[in-house]
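Below: one structure, written as structure tokens.
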Amino acid sequence: MSAIMSAGSRNRGYRGWVLPIAAIAVWWLASSQGWSQSGLLVSPEKVATTAWDQMASGKFWRAISASLARNLSGFFIGTTLGLVLGCLLGLSRYFQRLVGPSFNTFKQISLFAWIPLISVWFGLGDVAKVVFLSLAALVPVVVNTCDGLRNVPPNLLEVARVYGFTRWQTIIGVMLPAALPSIFTGIYLALVYSWLATIGAEYLLVSGEGIGNTLIDGSEHFMMDLVLFGMVVIGLVGWGLNALARTLERRMQRLYGIAPR
12 MSAIMSAGSR NRGYRGWVLP IAAIAVWWLA SSQGWSQSGL LVSPEKVATT AWDQMASGKF
72 WRAISASLAR NLSGFFIGTT LGLVLGCLLG LSRYFQRLVG PSFNTFKQIS LFAWIPLISV
132 WFGLGDVAKV VFLSLAALVP VVVNTCDGLR NVPPNLLEVA RVYGFTRWQT IIGVMLPAAL
192 PSIFTGIYLA LVYSWLATIG AEYLLVSGEG IGNTLIDGSE HFMMDLVLFG MVVIGLVGWG
252 LNALARTLER RMQRLYGIAP R
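Residue 12 is where the sequence shown starts when you use my numbering, and the numbers rise one by one after that.
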């Protein structure tokens with residue numbers, strides 16, 4: 012029975028490859044059969060050659076390392092501040108009344124509306140980009156952490172009270188484990204937003220190397236093979252970051268004895 016279930020699970024995993032493989036097949040047919048007269052429709056072979064050239068020359072490694080360094084720095088700063096602020100808002104009614112209205116106003120401001128101020132305050136270099144990415148990661152973590160802590164089932168809190176838990180024991184042993192799924196939802200969103208913001212920052216704060224700058228170079232010189240290569244890299248990196256987050260979530264769930272989603 013377990014072997015059958017395992018085989019079924021593997022088959023479900025393979026289904027996720029159907030659409031990408033079909034898209035590549037249609038793309039290859041369109042380019043090889045001349046379905047489009049536009050010279051901007053490049054073949055998969057041309058994109059693969061460009062990818063090899065970018066990696067062999069070292070341009071790709073410099074670009075991806077610069078983008079990931081910015082992304083991870085902004086993500087960790089924003090997530091850390093978001094967890095602290097979210098916990099304070101979720102656990103303290105006084106802090107909620109003091110800071111909550113201001114934060115609710117702050118989160119309504121479009122992320123890209125901060126670009127002019129950030130560029131004036133911090134310039135166009137890496138510091139400005141990291142600040143921008145931190146803002147992208149901050150809001151979803153704060154919102155989901157606060158909601159998770161404020162929506163802990165009352166029966167769990169009643170059990171903690173009956174057993175005589177202190178406030179700190181209740182937070183660590185009851186509230187945080189119960190809020191963990193919501194917290195990880197915020198972290199997932201922070202990963203998505205910060206990676207998208209990385210590309211946006213490299214477009215709008217053009218300074219230094221990065222995958223966003225690779226896309227800019229390709230579009231300015233009408234090199235669609237370079238643009239498509241950059242798009243594939245962006246998608247694969249986003250997928251990898253999400254897979255890493257899910258692995259960490261499963262380990263935390265095992266640590267706290269929570270059933271995986």
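Heads up, the beta-carbon is just placed ideally off N, CA and C, and yes, glycines get one too.
Unbroken beta strand (DSSP E) runs of no fewer than 3 residues, entirely contained in the region 170 to 196, are not found. Scanning Ala36, Leu259, Met66, Ala147 for the CA closest to the CA of Ala208 turns up Ala147. In this model, Ala171 and Thr181 are separated by some 6 Å (Cα to Cα).
For Leu135, no alpha helix (DSSP H) encloses it, and the DSSP letter there is neither H nor E.
Asn162 counts as exposed, since fewer than 16 other beta carbons sit within 10 angstroms of its beta carbon. Cβ neighbours of Val150 within its own chain (closer than 7 Å, five residues either side excluded): Lys118. Taking the Cβ atoms as the reference, Leu52 lies roughly 10 Å from Ser43, outside the contact range of under 8 Å. Sorting Phe240, Phe123, Gly251, Gly85 by C-alpha distance to the C-alpha of Met66 places Phe240 at the top. When rounded, the separation of the alpha-carbon atoms in Pro55 and Met234 is 13 Å.
Counting along the chain, Gly85 sits inside the alpha helix (DSSP H) bounded by residues 70 to 102. For the pair Arg104 and Val153, the Cα-to-Cα distance works out to about 15 Å.
In terms of Cβ geometry, Ser113 and Asn155 do not form a close pair [threshold 7 Å].
The region 213 to 231 makes no contact with the region 188 to 203: fewer than 3 CB pairs, one atom from each, lie closer than 8 Å.
The C-alpha of Gln107 lies about 29 Å from the C-alpha of Ala139. Under a 10 Å Cβ-count criterion, Thr116 is classified as exposed, with fewer than 16 other Cβ atoms of the shown protein chains found around its own Cβ. Considering only Val142, Gly229, Leu128, Leu187, the residue with the shortest C-alpha distance to Pro164 is Leu187. With a beta-carbon spacing of about 10 Å, Val142 and Arg81 fall beyond the 8 Å limit used to define contacts.
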